[in-house]
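Each step along the sequence shown adds one to the number in this note's numbering, with nothing skipped, and position 197 is 198.
Ideal placement from N, C-alpha and C gives every residue a C-beta, glycine not left out.
For reference, the structure discussed in these notes is given below.
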Amino acid sequence: MIGRIRGTLLEQEPDRVVVETAGGVGYEVIVAPRLMMELPAAGEQVTLFVHTQVREDAITLYGFADRTDRAVFRLVLSVQGIGPKLAMALVGTTDPEALAAAIAREDVPALTRVPGLGKKTASRLVLELKDKLGKLLLAQGRDFADTANASLRPVSAEPPAVEDARAALSALGYNAREITRAMKTVEPKPDDSVQSLLRRSLKVLSPA
């Protein structure tokens, strides 16, 4: 099983990346929006902690920033009715402490705000992980006590202006890798307009 990948970040798509190791092998790894925001620019070195799913027809790699996120993903995946896609939605769009706090509070309504998670499965998640997830985080050196009253809010991958600017650049014919490189270069700010982001991105993508 592949447990960790370290190498050069070659490609970035909305939900996955390709990492080339020192041996010249490029691995396609599924990653979540929360991690995608933290990745370096293409061409730089990256380390991902990996969960490997093996099926008869495919081997799929899921990448995480650290061992804790991977451990939480695996624990969530152990709950009946939750597959890798839903587990990634739970772990990959909100931090583990907020997830643990919501489960500890038995806050089913908050959990069902995660796309794809219904009330029945959310209730099962609470039942099976109420005691386990907090202990796992504490064993990993993470404390969720300070966030016990926090709301479970999925982390938005990007501000609306950035999403709109990305869509506009895509309509102009730029691919996801080029757009991501441009956005990392212009370093969007919370008060940026779509027009400002487009103007600065086009300068990066089409230098005079």
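- Task: Please confirm whether residue 27 and residue 19 have their CB atoms less than 8 Å apart.
- Result: yes
- Query: Is the CB-CB distance between residue 51 and residue 30 below 8 Å?
  - Reply: Contact: yes.
- Message: Would residue 44 and residue 10 be called neighbours here (beta carbons separated by less than 8 Å)?
- Response: Judged by beta-carbon spacing, residue 10 lies within the 8 Å limit of residue 44, meaning their Cβ atoms are closer than that value.
- Element boundaries [alpha helix (DSSP H), containing residue 200]: 195-206
- Task: Mind reading off the beta-carbon distance from residue 81 to residue 125? Whole number of angstroms is fine, and I expect it under 8 Å.
- Result: 6 Å
- Message: Checking the sheet assignment: what are the DSSP bridge partners for residue 47?
- Response: 8
- What is the DSSP secondary structure of residue 113, reduced to helix, strand or coil? In this structure, residue 113 counts as coil in the three-state DSSP scheme.
- Query: Name the DSSP beta bridge partners of residue 180, please?
  - Reply: Answer by DSSP bridge pairing: none, since residue 180 is not bridged.
- Hey, how far is the Cα of residue 136 from the Cα of residue 99? 14 Å
- Task: May I have a chain-ordered list of the alpha helix (DSSP H) segments no shorter than 4 residues that lie completely inside the segment 63-104?
- Result: 68-78, 85-93
- Cβ neighbours of residue 193 in the same chain (closer than 7 Å, five flanking residues each side left out): 162
- Sequence-distant residues of the same chain with beta carbon closer than 7 Å to residue 78, five excluded per side: 85, 88
- Message: Spatial neighbours of residue 177 within its chain, please: C-beta separation below 6 Å, excluding the five flanking residues on both sides.
- Response: 14
- Throw me the rounded Cβ distance for the residue 48 and residue 75 pair, which I believe falls under 8 Å. With a Cβ gap of about 18 Å, residue 48 and residue 75 do not count as contacting.
- Contact check, residue 169 vs residue 206 under 8 Å by CB: the rounded distance? Actually they do not touch by this definition, with Cβ atoms about 12 Å apart.
- Below 7 Å CB to CB, which residues in the same chain sit around residue 104 once its five sequence neighbours on both sides are set aside? 126, 127, 130, 131, 134
- Rounded to whole angstroms, what's the CA-CA distance from residue 66 to residue 12? Just pull it up for me. Answer to the nearest angstrom: the Cα atoms are 17 Å apart.
- Query: Where DSSP assigns a beta bridge to residue 27, which residues make up the other side?
  - Reply: Answer is 21.
- Item | Cα-Cα separation, residue 72 to residue 208 | In this structure, the alpha-carbon of residue 72 lies about 44 Å from that of residue 208.
- Quick one: residues in its chain with C-beta nearer than 7 Å to the C-beta of residue 156, no 5 flanking neighbours on either side, listed in chain order? The pLDDT assigned to residue 156 is 47, lower than 50, so where the model puts this residue is not dependable; a value taken from the coordinates is nonetheless given after this. So the list reads 34, 35, 94, 95, once near-sequence residues are dropped.
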